[in-house]
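Protein chains in written order, with our numbering: chain A, 1 to 259; chain B, 1001 to 1412; chain C, 2001 to 2237; chain D, 3001 to 3736; chain E, 4001 to 4054. Even glycine gets a Cβ: it sits at the ideal position worked out from N, Cα and C.
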Amino acid sequence: MKEEQSKEKVKKFGMVIDLDKCTGCGACMVACMAENNVPFKEDESKKLDSITWLRIYKLTNGKPFPDADICYLPRPCQHCGGKGEHGHSPCVSVCPATATDYSKETGIVSQIYTRCFGCRYCMAACPYHARYFNWWDPVWPDGMEKYLSPNVSVRMRGIVEKCSFCFHRYQLAKDKAYFEGRREIEENEYQTACTQACPAGAIAFGDLNNPKHAVYELKKSSNAFRLLERLQTNPKVYYISGREWVRRAGDNYLKDEKK
Amino acid sequence: MDSALIPRGVKRCPTWQFALWIGAAGAVLLWGVFAMLLCWFKGLNQTNMNDAYGFALWIWADLAVIALGGGAFFTGFLRYIVGKDELKNIINYAVLIGFICYSSALLILAIDIGQPLRGWFIFWHANVHSMLTEVAFCLTCYFGVLTIEYVPLILENRQIDKIPFFHRLGHNMHEIMAVFAATGAFLSFFHQGSLGGVSGVLFGRPFGYREGIFIWPWTFFLYTWSAAACGPCFTILITKITEKITGKKLVKQNVIELLAKISGWMIGTYIIAKIIDTWYWAKVTAPAAGFNLMDFYSNNPFYGIWILVLEIVICGVVPAMILISEKGRKNPAALMTAIILAVLGACVNRWVMVLQVMAVPVLTFENWVMYYPSWQEVATTILPVAYGVILISLSYRYLPIFPQEQELNPEA
Amino acid sequence: MSTPDDKTKGVSADTGGEDAIASFKGVDEKEQGEGPGGFVILFFIIGFVASLIIGWVVFPKLLYSQKRQPVDFNHALHVETVDNGCESCHIFREDGSYAGVPKLAQCADCHQEVQGESPEEKIFVEEYVAKEKEVPWLVYSKQPDCVFFSHSVHVKLAGMDCVTCHGPIGESTSLKPYEENRLTGYSRDIWGKSMAGIKKNSWDRMKMDDCAECHEKETGRKSSVQTDKDACFVCHK
Amino acid sequence: MKIDRRCFLSLGIGGAAGLALSPIPWKLADDSAIWTQMWPWTPVPADGETTYVKSACTLCPGGCGISVRKVDNRAVKIEGMEGHPVNDGGICLLGLSGLQLLYGPTRVKTPLKRAGERGEGKWVKITWEEAISEVAKKLGDLRENGESSSVACISGTDKGSVPTLFKRFLSVYGSPNFMRMPSVLDSYELALSLSFGFAAQQGFDLEKADFILSFGSGIIEGWGSPVRMIRAKSSWRESGGKTVQVEPRLSNTAAKSDKWIPINPGTEYALALGLAGVIITKSLYRNDFVKGSTSGFDKFAGLVLSAYTPDAAEKITGIKKETIEALAVDFARAAKPVAICGRGQGRAQGSLGELMAVQALNALVGNINKEGGIFAFPNPGYMAWPDYIADDIAAEGIKKERADGAGSGNFGYAKNLTNRFAETVKSGKAAVNVLFVLESNPLYSLSDTNTVKEAFKKIPFIVSFSSFMDETAINSDLILPNHVYLERYEDVYVATGLSKPVVSLSKPVVSPQFNTKHAGDVVLLIAKEMGSPVADSFPWKSYSACLEEILGGKWDKLVREGFWTDGASSTPVFKTSSGKFEFAGGFIDLAALFAPVNAEGDPKAYPLLLIPYDSMRIASGYIGDPPFAVKTVEDTVLKGKDALVEVNPATARAGGFSEGSYAILKTPKGSAKVKVHLFDGIMPGLVAMPRGLGHTAYDNYLAGKGINVNELIGTVEDPASGLDAAWGIRANLIKA
Amino acid sequence: MFPFCFEWMWDMSHMVFMGGLWYALTIIGLGMTFCIGKAFYDTFLDKGKDDHHH
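1. By the 10 Å Cβ neighbour count, where 16 or more other Cβ atoms means buried, how is B/Lys1088 classified, buried or exposed?
2. Mind the definition here: the stretch 1327 to 1346 of chain B touches the stretch 1213 to 1231 of chain B only if three or more C-beta pairs lie below 8 Å; say whether that holds.
3. By DSSP, does A/Cys71 sit in helix, in strand, or in coil?
4. Of all the CB atoms in chain C, is at least one closer than 8 Å to the CB of D/Val3044?
5. At a Cβ threshold of 8 Å, is C/Ala2013 touching chain E?
6. In this structure, how does DSSP classify E/Gly4019 when only helix, strand and coil are distinguished?
7. With C-beta atoms as the reference, is D/Pro3045 less than 8 Å away from A/Ser164?
8. Quick check on this structure: which residue in D/Leu3590, D/Leu3638, D/Leu3644 and D/Ala3584 has the alpha carbon closest to the alpha carbon of D/Leu3610?
9. Give, in chain order, every residue of the stretch 73 to 107 of chain A whose Cβ lies closer than 9 Å to some Cβ of chain C.
10. Is A/Leu59 buried or exposed, if buried means 16 or more other CB atoms sit within 10 Å of its CB?
11. Could you please give me the residues that DSSP links to B/Val1151 through a beta bridge?
12. Going by beta-carbon coordinates alone, are A/Cys77 and A/Asn234 separated by less than 8 Å?
13. Using a Cβ-Cβ distance cut-off of 8 Å, determine whether C/Ile2236 contacts chain A.
14. At a Cβ threshold of 8 Å, is A/Trp53 touching chain B?
15. Might you give, ordered along the chain, the residues of its own chain that have their beta carbon closer than 6 Å to the beta carbon of C/His2151, omitting 5 neighbours on each side?
16. Return yes when the Cβ of D/Leu3361 is within less than 8 Å of the Cβ of D/Leu3275, no when it is not.
17. Buried or exposed for B/Met1370, please, with buried defined as at least 16 other CB atoms from any protein chain shown within 10 angstroms of its CB.
18. At which residues does the beta strand (DSSP E) containing D/Arg3730 begin and terminate?
19. Mind checking whether the beta-carbon of A/Asp101 lies closer than 7 Å to any heavy atom of the ligand ATP?
20. Taking the alpha carbon of D/Leu3165 as the point to measure from, which residue in D/Asn3252, D/Gly3722 and D/Ala3384 has its own alpha carbon closest?
21. Check whether chain F comes within 8 Å of B/Arg1158, counting only Cβ atoms and requiring the distance to be less than that.
22. Where does the unbroken alpha helix (DSSP H) through D/Leu3610 begin, and where does it stop?
23. Assign D/Asn3433 to one of three DSSP states: helix, strand, or coil.
24. Following the continuous alpha helix (DSSP H) through B/Tyr1223, name the residue where it begins and the one where it ends.
25. Taking 8 Å as the cut-off, decide whether the C-beta atoms of D/Ser3179 and D/Ser3445 are in contact.
26. Measuring only the C-alpha atoms, how far is A/Arg243 from A/Asp69?
27. Less than 8 Å between the beta carbons of D/Arg3286 and D/Val3358, yes or no?
28. Are D/Ser3620 and D/Arg3333 touching if we call contact CB-CB under 8 Å?
29. Taking contact to mean 3 or more Cβ pairs, one atom from each stretch, closer than 8 Å, check whether the stretch 3264 to 3279 of chain D and the stretch 3298 to 3314 of chain D are in contact.
30. Alpha carbons only, please: which of C/Tyr2064, C/Asp2083, C/Leu2042 and C/Glu2094 is nearest the one belonging to C/Lys2193?
31. Checking 8 Å against the spacing of the C-beta atoms, do A/Ile203 and A/Cys91 come in under that value?
32. List the endpoints of the continuous beta strand (DSSP E) containing D/Tyr3052.
33. Taking 8 Å as the CB-CB limit, is A/Lys176 close to chain C?
34. Is the shortest distance between the beta-carbon of C/Asp2189 and the beta-carbons of chain D less than 8 Å?
35. Shorter than 8 Å from the beta carbon of D/Asp3635 to some beta carbon of chain A?
36. Quick check on DSSP: helix, strand or coil for D/Val3509?
If you want it as structure tokens, here you go:
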């Protein structure tokens, strides 16, 4: 069995988001919340304690009317591979209780809610603010908890959570494949909830290592970039934009720096 | 009423006065305990922390008290390892202050985590690569050492000392105290450093991140050094405050000056290293991430470049120069100024390395986030102060903390 | 933390020092006279043994509540009559998920009417089949919500048998009481019967360490950066 | 030997030692940690068998197909239906939040009868039998008194079988007053009847068009069928289709367009005419089509060439004439250009002149009734209803003038003028004794909410069929709660903008959660209760039987596949008297048709202009924004309970406002305290505010947040049609 | 923390880190055992010895 399993190809799941297609409609955010049992509270306008695994940022080019321009940027967990793909993403190695982990088999950064004890060091470490703390007990009003999905654990107060690339969908897809006697799953069998929902088709998800997957080619676009590449976090979420100012907004540049 | 407990040969205030004093501190303590219970039962929504400020006042308080409590390990190190004998006259107090600082730090950590009942996971499921794991282990162990160092003092209480077992236990512990002190110093060097590592390893946070050797960023060494430098100043400061309140001279000036002198040299060397570190960071580390130095100090209402000047020049260079010069040490006003500045310097350093790291936006489309603590956070941060006051008061009243007290106050 | 020589000084400067020593010497003598050891050691032993008994015998009884299953099911009897062993009733669904304990409809396929003599079957048919009420079975092996356990990979891919994890439950003629941890709500079978954590059979316990042990041995995967074992997300959700 | 305290000490030490060697401390530490992992108050969703149910979404007029994931009996997630002609797998955030409505706390759980004052929120629970007999009795009495026409119904839509049942009921009962909530569809329907000559709906083959000139339509903000439009937008990016957005504010659509042309609000018609002028001047129009298939061209050309030269258009619209000329050329030279209008999501009716001007552009380029162009297809004919029997009372009743004045007098063409309803009732011009409110929330979503409130006070008996405790339901006398769409059968006709008619079937995904009844069934029961002759036209046992019958052969396909679509887009003909496309709808006085619509208010007292805008993240119709959707609203739109209005930094500076400062927003209709958000993407002099906030009803996740913009804006009657032509209102920002 | 914990690995990091930790704990533990043990012995078992050590 050992031998058999080692034959499985190493995957690197990632996303390519076309910012020129993204309309900022918010479907991905809600698809994520609905899929992953994300709680809500009465006031969600305080964005700094509002749990949105996938958050859409509104970027502006800073120019005055009528040259102003906006761009929406959906930001899931970037599932950083860290320097040299060793899985030392900013958050993983700092967790004192081994509650977050990087899988070399999938490239996914996991968060184990029941292990996390809420020190929030990983939040401090993440430059993308992709990690969220449960400041409040999750409360569903009046029987609304009926819609909760059993595929994703409901998180308790006092712990950190974040986007998992809908890992449970991978688990379920593999379950089905194994049941049918297959070892590998097809690209369309494992897609994240946001990818599935996006009306604009702006999000592509798949194995960045697999030439058969759409993301493999998309990420090579000359308009592709990642957020904060200079920090060497090595994210697995790529963005595409034809607009120079948008691409430049992906990283910090010194004021006197030449492009 | 409690005269049987008070060490012989020293004078203490009347019981009612003492009770009043303890009562006042106790009231503050209860306020803190109330806030603490709120945090435990209702959760961290009681604070003003948020997803941008995962670390805030509490972590600063933790880092600051541990830095300041560093007087205990460094004085112990000087006394037992280096062999500065005069320091035996202040080591008791240094240990007590250290004990208070470390127990406070642990208490604050226990409030600060979102799931206190799972706090022990940090030990059981330890991830040895995390600076916080190292902090937790060394902190707890060193707290154990401080307890071991504090216990013999308690055993010296007149009534307890009467019991032969405790008398002998205290005696035995004294005998091998150097071993404990050495172990404590070893642990301290590491956990002070790990605290520095906490922000130094955050390569996603250009304000805090530093290069280093192997797994240790430069802040690792700077923190140990600064704790060793500023900790003793805190010991002196508290001693001076105690003398002021009790109206008695408790430690001879030569002891204070010796500690101040060593501290001065430590601060001096530390601040040189800190300046080099800052320069390298501003010129090499941060620009590699796309940041100019002033990006970290502008476009926000609070974190101006003043804070860097305050930390390095006013609270670093100035106290170092005063304490290194004999004239400065001999002048009581200058000495006090230097000590206060040094303590403030450590606190400011810890503040920026915790709070400013969180405040600086890293994504270009995010903004500076400012933060002010909730009353629950303030109360739980003041709680240890009240607890410290009470413990010092009790210890001072009932334990022979200051060996030179009788000699300095013969009329009693 | 004053040193012995300070203390000498302190004591000799104190006129009361000698008295104090004399007084506790006196105590010593008195105790010597009455032979101190006996009761002290006896009480130590009493305390020691008492708390051991409380801890090992009383505590587990308090910690776990015992519940009876709604119907006393006879596994052995059923295994004899079906063709396909456990999988005859404990089935996989088409999407590869595992159905676990059969639903009423499955049982009702055969038990629309009382077939045998068993009073338990009568209860089952009258209370549940007739009233179309699902049986609230208590599942011994119910894992907590944070666990993703795939029967598919273990049974279909790895070809494991049921007994390895569930024990020879198929041979049982009646259902043992379900023990629930009052604090955690877990089934006792997860943590294991033995309070000392001693494990004799592979099915004695189903804690994370038990999963990990087998995974390490059988898969040898080292995908986790943190632990160099199987990654957390293999079994967690 | 005696027992002293040392013995007890010893006992304690022994006990402690034994304790440490017992499992108590270790097991308790472990178990208490596990307890925190499964706190009893943190829900654990039960596992079960996963199934999917295909259905249709009715939360907006978009008509997407949905696939609802169920675990045993619980619905746990709504996803888009793959292969559905509208959304093909995609879904919007409102559709995704549907389960929060199904299981949410705002549901009306049982029939309720008002107990206290109206709006007080005091109710008594009554049975369905009581409720139905009460309504039937009231209606019966009115009918006997010859007041049958004083019964009115406001519905969210007039398409589909349930609104048709209501309409049928009113007809049989004897009232002409079936009204639909205002929408740009009113204008389109009117325009089509004028220029195409028959009651139709406009279809757009946008996916195949290659140049989309949008006059403020929120293509990706919920115009038409939102998911379909967003998909179309993406398809243009791949096919090379160009989009130009004409709008005073940098909306998401504007930002995503190839070109954004800011325009003085309300002057879109002038731009359209200016563009027409350039196209005619430069002879860029499709001569064959204009010559062969249109009528009234010369008159139209005469007007635009004289009154809407590029210079004149520049003056009115504020757009440089070079820009206008270039745009006209680009538009006319494109292979399949389409001009569309209907601001934002199209919740406002708009002026007929603007619509006709835009329609004229489509006619000039001849892109009508062909691939990649616009179509008109007849109003839904997929249902086969048996004729109803109208007795004398009914025949007389339906002949009476409608409460909103539509179809008579100056407004002969108009089918619905629900915008006028409140005013006529308030002023006493129309007497309404009973009002049915179906799948709509007029008290919230009609403009000038205060007038609507006044009008409603004059209506003695209001019956709400709402599933939710919305503003109108709270202010009604009787609530007969409908099933929500996930609990019921219903045909869903996609009313807006597709290139071919699509009907989907909404199916009960879960059994009804509460003591609710299908509004269709309730109508049947009321009719039955009233007895003959009304009951005679409603022979069905139940609504589902009725639906099955009227859908005939389509029923099976709908149940099986979830949707039905009419393959060929019908009737490429014009049924006007000329048999051709009528430029400007055959209006005689073109100058009157193309008159500017001025915003209400005195420019001196109100130097600024308030314009409402739409957002995909804020549902502004009958459905209140569910918690998930509210969560996605940016903190520059809603902060705590405060609404933020968008203001250009220059305008803000002039008024002394900075980001986040409070201001009083005053309009002739009312005033509200708002916060200021500086936005470079809005024209100076404007104040923009989202629709959909400021609810007073629903739950705490929505109520009390922000300001309902409808309270601040009024209606401006289009003299040509009677429709509400308002696009904004004059306003002022005063320091708070 | 212990070699039987799931997270344990026999690698350099664990050996250095946990080695240092257990080393320190051992010293503290042995030191305290010595102190308490000796005090106990002196007090309760070795009664002949004068407790006054000077």
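To lay it out plainly:
1. buried
2. yes
3. strand
4. yes
5. For C/Ala2013, the predicted model reports a pLDDT of 38, less than 50, meaning its position is unreliable; a value from the coordinates is still stated below. False, the Cβ-Cβ gap to chain E never drops below 8 Å.
6. helix
7. no
8. D/Leu3644
9. Gly82, His86, Gly87, His88, Ser89, Val92, Ser93, Cys95, Thr98, Ala99, Thr100, Asp101, Tyr102, Ser103, Lys104, Glu105 and Thr106
10. buried
11. The partner list for B/Val1151 (beta bridge, DSSP) is empty, contrary to what the question assumes.
12. no
13. Position check: residue 2236 of chain C holds His in this sequence, whereas Ile was assumed. Closer than 8 Å to some Cβ of chain A, the Cβ of C/His2236 qualifies, so yes.
14. no
15. Tyr2098
16. yes
17. exposed
18. Ile3729 to Lys3735
19. Looking for the ligand ATP in the displayed structure turns up nothing, as the structure carries no ligands at all.
20. D/Ala3384
21. The structure shown contains no chain F; the protein chains it does contain are A, B, C, D and E.
22. Note, D/Leu3610: premise wrong, no alpha helix (DSSP H); beta strand (DSSP E) at Leu3608 to Tyr3613.
23. coil
24. Trp1218 to Thr1246
25. For clarity, residue 3179 of chain D is Met in the given sequence; the question names Ser instead. Their beta carbons are not under 8 Å apart, which means D/Met3179 does not touch D/Ser3445 by this criterion.
26. 10 Å
27. no
28. no
29. yes
30. C/Tyr2064
31. no
32. Thr3050 to Ala3056
33. yes
34. no
35. yes
36. coil
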